[in-house]
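Worksheet: the structure to be examined is printed underneath.
2 protein chains.
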Amino acid sequence: MVMIYLDHAAATPVDSRVLKAMEPYFSRDFFNPSAAYLPAKKVASDYEAAKATIAHAIGAKASDLVITAGATEANNLALNAIFASRSGSQSPGPSPRAGAAMARAAALRNPPSQDANIALYLATEHDSVRKSAERCGGAEIVVDKFGRIDMADLKSKITDATELISVSLVNNELGVIQPLAEIANLIREIKFDRLRRGIKTPLYLHSDASQALNLLDINVARLGVDLLTLNSAKIYGPKGVGALYVSHEVKLTPSTYGGGQENGLRSGTENVPGVIGFAKAVELAHEHLNGNRKKYAELKKLLLSNLHGYELINKKHALDNFAVLCYNGIDAERLIYLLEEKEVYVSTGAACAASKGEKSHVLAAIGLNDEQIAGSLRLSLGETNDKSQILEAAKIINEIVGSEYGRVSHE
Amino acid sequence: MVMIYLDHAAATPVDSRVLKAMEPYFSRDFFNPSAAYLPAKKVASDYEAAKATIAHAIGAKASDLVITAGATEANNLALNAIFASRSGSQSPGPSPRAGAAMARAAALRNPPSQDANIALYLATEHDSVRKSAERCGGAEIVVDKFGRIDMADLKSKITDATELISVSLVNNELGVIQPLAEIANLIREIKFDRLRRGIKTPLYLHSDASQALNLLDINVARLGVDLLTLNSAKIYGPKGVGALYVSHEVKLTPSTYGGGQENGLRSGTENVPGVIGFAKAVELAHEHLNGNRKKYAELKKLLLSNLHGYELINKKHALDNFAVLCYNGIDAERLIYLLEEKEVYVSTGAACAASKGEKSHVLAAIGLNDEQIAGSLRLSLGETNDKSQILEAAKIINEIVGSEYGRVSHE
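Going down the list, the protein sequences come from chains X and P.
Take 54 as the starting number for the first sequence in our numbering and just add one per residue.
Take 54 as the starting number for the second sequence in our numbering and just add one per residue.
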């Protein structure tokens with residue numbers, strides 16, 4: 054029995070080429086990039102080159118990136134734009150040192166009213182965006198039944214106080230792609246209108262692209278984003294590394310204070326092997342974009358045509374490596390354990406939420422009722438899968454679902 | 054010519070046994086620890102076991118540790134105790150969600166006066182402590198000429214508003230060991246006095262033990278610390294991983310919001326290979342404590358008896374793997390480049406400060422004048438060194454220093 058892993062949206066194995074690229078930086082090239090001697094400077098230069106590789110893949114420069122410990126930290130840092138923007142306009146603080154702290158203080162001194170909508174985020178965003186946004190006067194944007202942004206709802210919720218809109222490029226549970234360029238156009242209009250009316254509040258577009266780098270050709274200018282979150286661990290790179298793209302217009306308060314690394318926005322000795330590996334993973338993903346798209350389109354078609362008795366939840370606008378299936382009346386949690394016995398690994402949604410027994414807020418947001426949510430499985434395809442695996446997985450899922458339907462109908 | 058690396062306080066190579074321990078978690082055991090199926094739960098359990106290994110080495114439990122991306126993040130998180138402590142006593146916030154934000158707001162709404170001394174830290178602390186402390190009413194504690202804390206100065210600076218005292222166990226530039234147990238005793242007295250007078254302000258002892266884990270047998274209870282920072286990258290573990298020990302008494306605001314990992318204090322998918330490697334490094338360090346102490350005592354003696362024309366700066370209370378040498382009248386920056394040509398790698402102080410051309414605040418704090426600071430080298434010994442290397446390094450340093458003194462006297 055060979056493991057069939059269908060949870061690539063939760064984690065991906067590190068590609069052997071990625072690990073190979075990292076290895077020298079654990080041992081031979083272990084130096085602190087800030088040290089003054091030549092071998093350390095070589096490490097610093099390799100680190101910058103790796104950042105440039107990551108940046109170039111999204112049409113940006115190395116200096117536009119802040120390396121983080123992952124997408125969660127990047128999302129948290131992105132939301133710091135709100136604290137930072139407040140410091141300039143309201144209170145610069147008594148000293149440069151205390152500036153950041155005073156910025157936070159200023160941001161929070163007059164807690165925004167519930168209608169201020171300072172940070173707008175999609176109802177289907179990951180908790181790292183939702184919880185960060187909730188800290189500073191956040192409000193949800195409604196999605197349609199496919200999980201796509203309701204542009205009318207977005208328009209109606211943008212106030213003169215709105216500073217940041219966070220919409221993931223690809224949702225982590227549905228694989229749904231959001232029309233970022235359309236959102237960026239709306240933002241441009243609003244900014245123009247604000248300028249005309251002399252309103253100085255900034256308005257930034259942030260997007261979590263953690264799930265997108267394998268299958269979409271991302272360009273920050275084309276997408277029109279000011280802040281973009283990238284994640285190594287979802288694209289066959291190492292865990293514990295991510296990045297935030299920050300456009301020149303955006304001011305951020307630092308995520309950590311100290312040695313001043315990452316343009317002072319994220320102090321701490323650089324995770325050199327991690328970033329080298331991240332860059333290699335980005336390079337590989339970028340090279341295989343077209344191949345991947347074709348591969349997953351075929352595999353998804355094969356999967357869906359061989360499975361029985363499900364309703365496809367993410368019918369439109371979804372990446373081909375995501376299939377969300379609803380087996381009405383069945384307990385998907387039970388399916389996971391039954392499939393586990395056959396070494397088929399799937400999930401009901403985001404791992405971090407599922408592990409706490411939380412109902413998926415994403416499936417609720419697209420209008421599924423509790424029974425439908427309880428019966429939903431997320432299958433996310435990836436590099437470990439091939440056609441024979443997909444056929445085998447479909448067979449096993451059909452069998453188990455069939456016997457579950459039998460069990461349920463006899464109860 | 055073989056490289057002689059004498060900058061182990063800046064970075065250490067990953068031990069081959071550490072890398073070997075990490076390897077399966079990049080590929081075979083790559084699963085998201087939060088996922089529901091068995092192989093992921095096995096990863097989660099290995100991760101917890103690794104945390105337990107790290108925790109046990111300091112006399113703590115896995116649940117007492119918050120894993121971070123390194124010592125800088127851990128130090129920043131430790132200082133969050135100040136924001137958290139304010140939330141309970143002043144304003145719990147309008148909703149649990151907004152609690153942390155309101156805690157920060159409450160902490161900063163009435164900016165503390167310059168004399169409040171809310172966070173006291175040693176004048177020789179790393180920037181990650183200094184800059185974090187400065188954000189919330191920090192004040193420096195004076196050190197003596199050896200770099201040891203001036204207990205009288207500490208006593209005089211503790212006010213009823215003081216909430217946190219941060220003193221590194223071992224200083225990163227001098228290797229000087231601080232008398233933490235003595236500080237903890239003073240804190241205990243003050244807490245008892247506060248209790249008697251009905252003052253509810255908490256008082257925590259934080260210590261950055263980044264440089265200590267290789268040579269000191271650390272026990273949080275014996276040291277009397279409430280918060281302790283650990284660092285993987287300084288003990289032959291991977292970069293990008295650290296931990297903060299948090300005693301049950303301490304309330305912290307999270308460093309990131311999201312999936313709720315690390316008891317909700319630091320969200321984000323766990324860096325499993327990093328933590329497995331960190332644990333292996335801790336295990337190895339702990340096993341070789343006595344051997345290391347003996348080895349470095351011998352190497353340092355050999356080094357100092359073979360070098361000429363220096364003044365030893367860290368004469369007392371220093372770990373044996375640190376030697377800070379002052380060559381009066383010589384430019385140590387030049388020495389670094391001249392030594393680099395002979396593949397001998399040393400530093401003038403903390404890499405992150407040195408790279409920005411900043412004068413060492415540590416050497417200034419122990420009373421060195423600008424000329425002495427400019428002439429000071431930090432040699433930090435480590436596992437890559439042996440006796441023949443030390444003799445060779447001493448010979449090369451003597452030659453270069455000699456010709457520099459010649460050059461200087463001819464100018």
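Built from N, CA and C at the ideal position, the CB exists for glycine as well.
**Item:** P/G313 classed as buried or exposed, judged by whether at least 16 other C-beta atoms fall within 10 angstroms
**Value:** As a first step, residue 313 of chain P must be located in the second sequence, where it is residue number 260. Around the C-beta of P/G313, 16 or more other C-beta atoms lie within 10 Å, and the residue is accordingly described as buried.
**Prompt:** What is the rounded straight-line gap between the Cα of P/Y380 and the Cα of P/I389?
**Reply:** Numbered from 1 along the second sequence, position 327 holds the residue referred to as residue 380 of chain P. Numbered from 1 along the second sequence, position 336 holds the residue referred to as residue 389 of chain P. Going by the C-alpha atoms only, they are around 13 Å apart.
**Request:** Output the distance between the C-alpha atoms of P/K347 and P/K440, rounded to the nearest integer angstrom.
**Result:** Walking along the second sequence from the start, residue 347 of chain P turns up at place 294. Walking along the second sequence from the start, residue 440 of chain P turns up at place 387. A direct Cα-to-Cα measurement between P/K347 and P/K440 gives close to 13 Å.
**Prompt:** Where does P/Y398 fall in DSSP's three states?
**Reply:** Position 345 of the second sequence holds residue 398 of chain P. Note: P/Y398 maps to strand in three-state DSSP.
**Asked** Which residues in the same chain have their Cβ closer than 6 Å to the Cβ of P/T212, if we skip the five residues on either side of it in sequence?
**Response** The count along the second sequence starts at 1 and reaches residue 212 of chain P at position 159. Taken in chain order, the residues that qualify are N170.
**Message:** Taking only three categories from DSSP, how would you classify X/E193?
**Reply:** Here residue 193 of chain X refers to the residue found at position 140 of the first sequence. Of the three classes helix, strand and coil, the one that applies to X/E193 here is strand, per DSSP.
**Request:** Enumerate in chain order the residues of its own chain whose CB-to-CB distance from X/H339 is below 6 Å, with the five nearest sequence positions on each side excluded.
**Result:** Within the first sequence, residue 339 of chain X is the residue found at index 286, counting from 1. Only A110 meet the Cβ criterion.
**Request:** Sort P/G428, P/H414, P/L432 by Cα distance to P/V399 and report the nearest one.
**Result:** Reading the second sequence from its first residue, position 346 is the one you call residue 399 of chain P. Here the closest residue by C-alpha is P/L432.
**Prompt:** Going by DSSP, what residues sit across from P/R431 in a beta bridge?
**Reply:** The residue given as residue 431 of chain P occupies position 378 in the second sequence. BP columns for P/R431 point to P/V377, P/S400.
**Request:** Report buried or exposed for X/F331, applying the criterion of at least 16 other Cβ atoms within 10 angstroms of its Cβ.
**Result:** Numbered from 1 along the first sequence, position 278 holds the residue referred to as residue 331 of chain X. When all chains shown are included, X/F331 counts as buried.
**Message:** Can you give me the C-alpha to C-alpha distance between P/A446 and X/A63, rounded to a whole angstrom?
**Reply:** Walking along the second sequence from the start, residue 446 of chain P turns up at place 393. Walking along the first sequence from the start, residue 63 of chain X turns up at place 10. Straight-line Cα distance between these residues: approximately 50 Å.
**Request:** For P/S116, decide whether its Cβ has a neighbour in chain X, counting only Cβ atoms nearer than 8 Å.
**Result:** Start at 1 with the first residue of the second sequence, and residue 116 of chain P comes out as number 63. No, P/S116 does not count as interfacial toward chain X.
**Message:** Give me the DSSP bridge partner(s) of X/N284.
**Reply:** Here residue 284 of chain X is taken as the residue at index 231 of the first sequence, counted from 1. X/N284 is bridged to X/G295.
**Message:** For X/E336 and X/T106, which I take to be in contact (beta-carbon distance under 8 Å), what is that distance rounded to the nearest angstrom?
**Reply:** Working through the first sequence from its first residue, we reach residue 336 of chain X at position 283. Working through the first sequence from its first residue, we reach residue 106 of chain X at position 53. Correct: roughly 6 Å between the Cβ atoms.
**Asked** With DSSP run on the structure shown, which of helix, strand or coil describes X/V119?
**Response** Translated into positions along the first sequence, residue 119 of chain X becomes position 66. X/V119: strand per DSSP, three-state reduction.
**Item:** Which listed residue (P/K198, P/A385, P/S181) has its alpha carbon closest to that of P/G191
**Value:** Counting from 1 along the second sequence, the entry for residue 191 of chain P is found at position 138. Looking at the Cα atoms, P/S181 is the closest of the given residues.
**Message:** Less than 8 Å between the C-beta atoms of P/L248 and P/L372, yes or no?
**Reply:** The residue you call residue 248 of chain P lines up with position 195 of the second sequence. The residue you call residue 372 of chain P lines up with position 319 of the second sequence. Against a cut-off of 8 Å, the Cβ pair of P/L372 and P/L248 comes out as no contact.
**Item:** Proximity below 8 Å, CB of P/Q442 to CB of P/I194
**Value:** Here residue 442 of chain P is taken as the residue at index 389 of the second sequence, counted from 1. Here residue 194 of chain P is taken as the residue at index 141 of the second sequence, counted from 1. No; because the gap between Cβ atoms is not below 8 Å, this pair is not in contact.
**Message:** Taking a contact to mean a Cβ-Cβ separation below 8 Å, would you say P/Y174 touches X/N129 in this structure?
**Reply:** What you label residue 174 of chain P is simply residue 121 of the second sequence in a count that begins at 1. What you label residue 129 of chain X is simply residue 76 of the first sequence in a count that begins at 1. Contact: no.
**Request:** For X/L392, name the three-state secondary structure that DSSP assigns.
**Result:** The sequence position of residue 392 of chain X within the first sequence is 339, counting from 1. Helix at X/L392.
**Prompt:** Candidates P/E302, P/S320, P/S300: which alpha carbon is nearest P/S308's?
**Reply:** Working through the second sequence from its first residue, we reach residue 308 of chain P at position 255. Checked all of P/E302, P/S320, P/S300; the closest Cα to P/S308 is P/S320.
**beta strand (DSSP E) segment containing P/S219, residue limits** = Residue numbering aside, residue 219 of chain P sits at position 166 when the second sequence is read from its first letter. Note, P/S219: beta strand (DSSP E), 217-219.
**Asked** Residues of chain P with CB under 7 Å from X/L91, in chain order?
**Response** As a working note, residue 91 of chain X is residue 38 in the first sequence. The contacting residues are E393.
**Asked** How many angstroms separate the CA atom of P/K198 from the CA atom of P/I419?
**Response** The residue you call residue 198 of chain P lines up with position 145 of the second sequence. The residue you call residue 419 of chain P lines up with position 366 of the second sequence. Going by the C-alpha atoms only, they are around 5 Å apart.
**Item:** Alpha-carbon to alpha-carbon, P/T254 and P/S142
**Value:** Looking up residue 142 of chain P in the second sequence gives position 89. Looking up residue 254 of chain P in the second sequence gives position 201. Bear in mind that a pLDDT of 36 at P/S142, under 50, signals an unreliable position, so the model cannot answer this.
**Asked** Cα separation between P/N272 and X/L227?
**Response** For the purposes of this step, residue 272 of chain P is taken as residue 219 along the second sequence, with counting starting at 1. For the purposes of this step, residue 227 of chain X is taken as residue 174 along the first sequence, with counting starting at 1. Taking the Cα positions, P/N272 is about 47 Å away from X/L227.
**Sequence-distant residues of the same chain with beta carbon closer than 8 Å to X/G123, five excluded per side** = For the purposes of this step, residue 123 of chain X is taken as residue 70 along the first sequence, with counting starting at 1. These residues qualify, in order along the chain: N284, S285, A286, K292, G293, V294, G295.
**Request:** Using alpha carbons as the reference points, say which of P/A127, P/D68, P/S221 lies closest to P/A237.
**Result:** Reading the second sequence from its first residue, position 184 is the one you call residue 237 of chain P. Ranking P/A127, P/D68, P/S221 by Cα distance to P/A237 puts P/S221 first.
**Asked** Is there at least one Cβ from chain X nearer than 8 Å to P/G435's Cβ?
**Response** Here residue 435 of chain P is taken as the residue at index 382 of the second sequence, counted from 1. Chain X contact via Cβ: absent.
**Prompt:** Roughly how many angstroms separate the alpha carbons of X/Q425 and X/G382, rounded to a whole number?
**Reply:** As a working note, residue 425 of chain X is residue 372 in the first sequence. As a working note, residue 382 of chain X is residue 329 in the first sequence. So the alpha carbons of these two residues sit roughly 7 Å apart.
**Prompt:** If we ignore side chains and look at the alpha-carbon of each, how far apart do P/S413 and P/F375 end up?
**Reply:** The residue labelled residue 413 of chain P in the question sits at position 360 within the second sequence. The residue labelled residue 375 of chain P in the question sits at position 322 within the second sequence. Separation of P/S413 and P/F375 (C-alpha to C-alpha, rounded to the nearest whole angstrom) is 16 Å.
**Item:** Nearest neighbour of X/E457, chosen from X/T401, X/G362, X/P77 [CA to CA]
**Value:** The residue labelled residue 457 of chain X in the question sits at position 404 within the first sequence. X/E457 has its Cα closest to that of X/G362, out of X/T401, X/G362, X/P77.
**Request:** Compute the Euclidean distance between the alpha carbons of X/P164 and X/A172, then round it to the nearest angstrom.
**Result:** Locating residue 164 of chain X in the first sequence gives position 111, where the first residue counts as 1. Locating residue 172 of chain X in the first sequence gives position 119, where the first residue counts as 1. Residue placement at X/P164 cannot be trusted, given a pLDDT of 47 that sits under 50; what the coordinates show is reported in the next sentence. Answer to the nearest angstrom: the Cα atoms are 13 Å apart.
**Burial state of P/E315, where buried means 16 or more other Cβ atoms lie within 10 Å** = The residue labelled residue 315 of chain P in the question sits at position 262 within the second sequence. That one is buried.
**Request:** With distances taken Cα to Cα, identify the nearest neighbour of X/S69 among X/A214, X/A334, X/M204.
**Result:** As a first step, residue 69 of chain X must be located in the first sequence, where it is residue number 16. Ranking the options by Cα distance to X/S69, first place goes to X/A334.
**Request:** Could you name the residues that DSSP lists as bridge partners for X/I57?
**Result:** Start at 1 with the first residue of the first sequence, and residue 57 of chain X comes out as number 4. Note: X/I57 sits in a beta bridge opposite X/V397.
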